[in-house]
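K.L.:
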Amino acid sequence: MPTPVVAGNWKMNTTLAEATALAAGVREGMKALRGVEVILCPPFISLAAVRDAVRGSSIKVGAQNMHFEKSGAFTGEVSAAMLQGLCDYVILGHSERRQLFGEDDGLINRKVKAAFAHGLRPILCVGETLEQRESGRAAQVVGQQVKAGLAGVHDITGLVVAYEPVWAIGTGRAATPEIAAEVMGGTIAEALRELFGAAAGQVPLLYGGSVNPGNVAGYAGQASIHGALVGGASLQAAQFVEIARATAAAKALS
Ligand code: PEP
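Residues are numbered in our numbering as their position in the sequence shown, beginning at 1, plus a constant of 2.
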């Protein structure tokens, strides 16, 4: 089984001071916690401060996005080369990037390749909209996002995949653990196996979408779900630490 993973996506929240304090709070709460890889994904401007705040602990840092080119005339963008030394992970293909910033599978694929090329671990996000689910296309959409996002990738060492149904993100309407497990243990696992054979079994699969301390054990209790990508609840250190604790506990039992 892949190592359980709990990642916090802080999105466009927290000032530098707030990010530093939040990271310190998570570090404090995580002191006695083992059995789960915890990743904090603050805004770009706080990456260095959060890296420093968790230095010497097991907590890892991730970016929320990046550009696929190394450098150049791309105003406002940040490259994988610039992230080296600041973080280990990078969230790519988040549905907010897809929906609000027009990112498509081709662009996300270029970013995934650039991340691997620079030694960053991509957290590739996939997920269907409500309309796609209601019209019976969830499996097709998610399978295609996985395959297109990883096209031309040969070595998936370090890859993490997050299933985040768009209708469950920030809505309080979480997918049931059974729905999540069906997509993750079925569609996503099969797509990964088709592409990468036995190596697919090493990829942590995270559920994301309105995860909180009260519902996380339901996901972590599913064999095909190895952790969570957490948005809103990752902005409160105590809630996020509790999600990590409950994930580690559920995974220790399975
Ligand atoms: C997310 O944005 O990745 C997310 C899962 O958000 P939330 O937990 O707030 O639904």
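Don't be surprised by glycine CBs; every beta carbon is placed ideally from N, CA and C.
1. Are at least three pairs of beta-carbons, each pair with one atom in the stretch 26–41 and one in the stretch 238–251, less than 8 Å apart?
2. Measuring CB to CB, does Val56 end up less than 8 Å from Val232?
3. Just tell me which of Ala235, Leu126, Tyr91 has its CA closest to the CA of Leu24.
4. Might you give, ordered along the chain, the residues of its own chain that have their beta carbon closer than 7 Å to the beta carbon of Ala254, omitting 5 neighbours on each side?
5. Mind listing, in chain order, the continuous beta strand (DSSP E) runs of no fewer than 3 residues lying wholly within the stretch 97–168?
6. Under the criterion of a Cβ to heavy atom distance below 7 Å, does Gly64 qualify as lining the ligand PEP?
7. Just the Cα atoms here: how many angstroms apart are Leu161 and Ile125?
8. Run through DSSP, which three-state label would Ile245 get?
9. Measuring CA to CA, which of Ser81, Val128, Val52 is closest to Ala119?
10. Is there at least one Cβ from chain B nearer than 8 Å to Gly188's Cβ?
11. How is Gln238 classed by DSSP in three states: helix, strand or coil?
12. At which residue ranges does the stretch 43–78 contain complete alpha helix (DSSP H) runs of 4 or more residues, listed in the order of the chain?
13. Could you pull out every unbroken alpha helix (DSSP H) segment of at least 4 residues lying fully inside the stretch 176–200, listed in chain order?
14. Once DSSP output is grouped into helix, strand and coil, what is the label at Leu208?
15. Under three-state DSSP, which class holds Leu255?
P.N.:
Inspection of the coordinates gives the following:
1. yes
2. no
3. Ala235
4. Gly37
5. 123–128, 162–165
6. no
7. 6 Å
8. helix
9. Ser81
10. Reference to chain B is not applicable here, since this structure consists of a single protein chain.
11. coil
12. 49–56
13. 179–183, 191–198
14. strand
15. helix
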